[in-house]
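Here the sequence shown is numbered in full-length UniProt numbering, starting from 1 and rising by one per residue. Beta carbons: idealized from backbone N, C-alpha and C, even for Gly. Because the structure is a prediction, the values reported are computed rather than measured. What follows is a single structure, written as structure tokens, with notes after it.
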Amino acid sequence: MTTETVIEAVGVRKNYRGGREGAGLNGFDLEVTAGTVTGLLGPNGAGKTTAVRILSTLLELDSGTATVAGYDVRRQGAEVRRRIGLVGQYAAIDEVLTGRQNLVMFGRLNHLRNAKGRADELLERFSLTEAAGQAVSKYSGGMRRRLDLAASLIVAPRVLFVDEPTTGLDPAGRLEVRSAVRQLVDGGTTVLLTTQYLEEADQLANRISMLKAGKVVAEGTPDELKTQLGSDRLEIVLADPADVPRVVQLAGSLADGEIRVVDVRVSVPVKDRTKALVVMANSLHEARIEPEDITLRRPTLDEVFLHLTGAEVAA
Ligand SMILES: Nc1ncnc2c1ncn2[C@@H]1O[C@H](COP(=O)(O)OP(=O)(O)O)[C@@H](O)[C@H]1O
Ligand SMILES: [Mg+2]
């Protein structure tokens, strides 16, 4: 397992001229290791697109440093551009042309000797072979994004920036695009993916950086973030609402925070999960209370996200 750093940002600042105070990036740090997917997760306006545009040399930073594949984005932009691909929210796909024609055109623009062969290979990889001869205007949202991904892979970049690939797609389209991203990582590409969808970051990313107001507020694997910032909960569902006060009392000594009661569900934040489960089960048994259900629940990324950013989660 290599641990080569392919994207590094240190203290990057960017303020848009004439933009809102604090909008942009305010000391943005990021480290992405080769062969991984890093999710840049944040609510609308957090600065995700700004970060991607700076790292892909489309936008100049005000201060700080950023390198991609070892090259400085400010001083060695051409070297950076030679090694990256970018899937934006609006890729330069021609609606009138067919999927295959678009890919062949991209290949020729990039001086590929076998543009047709490469196009067919990518159409196959993204399950677009059947639709290859149709005008792109006839494509569904999911097919269109898959074509965007294929187009950005024409020259097999080392690093691919994917900016909110599934925003605006229906659930089926999201699944299609996610599986396309997974395939591309299997092919060895390092991916920086931005998203407002927690489950997307949870499913696709090896590491997640949570962005708030232009700054990374938490970083780690999805599991690390969950344990770092949320607590495990013991949930007891009772058959009889009359038992609720007694159970809340029994749970008091185990609770590491506020006990929540909704209906017949008592939810207790706990530190030592297994011990809490054993102690609670014993207490219930001794009190002759038979619960409908008793379970341990890991915190979700939603809880972490909400806790850190105070933002509403995109549905
Ligand atoms: N060209 C611009 N001029 C002024 N403000 C901008 C511009 N682009 C983005 N912003 C502001 O910068 C902040 C971050 O935007 P952006 O990077 O697009 O966030 P995200 O991609 O996370 O939704 C937002 O407050 C946005 O309004
Ligand atoms: Mg954006």
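- Around the beta-carbon of Q228, fewer than 16 other beta-carbon atoms lie within 10 Å, marking it exposed.
- Only residues of its own chain outside the window of five on either side were considered, and among them G141 and G142 have a CB closer than 8 Å to the CB of D170, listed in chain order.
- The closest heavy atom of ligand 2 lies less than 7 Å from the beta carbon of D163.
- Taking 7 Å as the cut-off, the C-beta of K48 counts as close to a heavy atom of ligand 1.
- If you keep only unbroken beta strand (DSSP E) runs of at least 3 residues inside the segment 3 to 35, you get 5 to 15 and 24 to 33.
- The beta-bridge partner set that DSSP reports for S63 consists of R13.
- Runs of alpha helix (DSSP H) with 4 or more residues, each lying fully within the segment 185 to 212, are found at 198 to 204, listed in chain order.
- In the DSSP assignment, I93 falls outside any alpha helix (DSSP H) and carries neither an H nor an E.
- In this structure, K215 is the residue among G220, K215, A276 and A281 with its C-alpha nearest to the C-alpha of G24.
- For the pair V304 and V32, the Cα-to-Cα distance works out to about 21 Å.
- Membership of I54 in the alpha helix (DSSP H) is indicated by the continuous run K48 to L55.
- Fully enclosed beta strand (DSSP E) runs of no fewer than 3 residues are not present anywhere in the segment 92 to 143.
- Sorting K116, T98, A150 and E124 by C-alpha distance to the C-alpha of A135 places T98 at the top.
- Per the C-alpha coordinates, the member of R178, L175, V162 and S127 positioned closest to L193 is V162.
- For D302 and L198, the gap between their C-alpha atoms comes out near 7 Å.
- The beta-carbon separation of L30 and A9, rounded to 4 Å, stays under the 8 Å limit for a contact.
- Here P291 carries a strand assignment [DSSP, helix/strand/coil].
- Taking G230 as the centre and dropping the five residues before and after it, the same chain places the C-beta of P299, E303 and V304 closer than 6 Å to its C-beta, in chain order.
- By the CB criterion at 8 Å, G133 and R100 fall inside the cutoff.
- In this model, S56 and R125 are separated by some 25 Å (Cα to Cα).
- About 6 Å separates the CB atoms of L234 and M280; that is less than 8 Å, so the two are in contact.
- By the neighbour-count criterion, in which a residue is buried when 16 or more other Cβ atoms sit within 10 angstroms of its Cβ, N44 is exposed.
- A46 and P241 have their alpha carbons spaced roughly 43 Å apart.
- Using a Cβ distance threshold of 8 Å, A150 and L128 count as a contacting pair.
- Spanning the alpha carbons of S63 and A201 requires a straight line of approximately 28 Å.
- Taking all protein chains shown into account, G117 has fewer than 16 neighbouring C-beta atoms within 10 Å of its C-beta and is therefore exposed.
- In the DSSP annotation of this structure, K271 is not part of any beta strand (DSSP E), being labelled neither H nor E.
- By DSSP's assignment, V262 forms a beta bridge with R265.
- Taking C-alpha positions only, R297 is separated from A276 by approximately 12 Å.
- Residues A34 of the same chain have their beta carbon placed closer than 6 Å to that of E4, with the five preceding and five following residues left out of the count.
- Looking at the backbone, the Cα of V73 and that of T38 are separated by about 19 Å.
- In this structure, ligand 1 has a non-hydrogen atom nearer than 7 Å to the beta-carbon of R20.
- Per DSSP, the continuous alpha helix (DSSP H) segment holding R81 begins and ends at G77 to R83.
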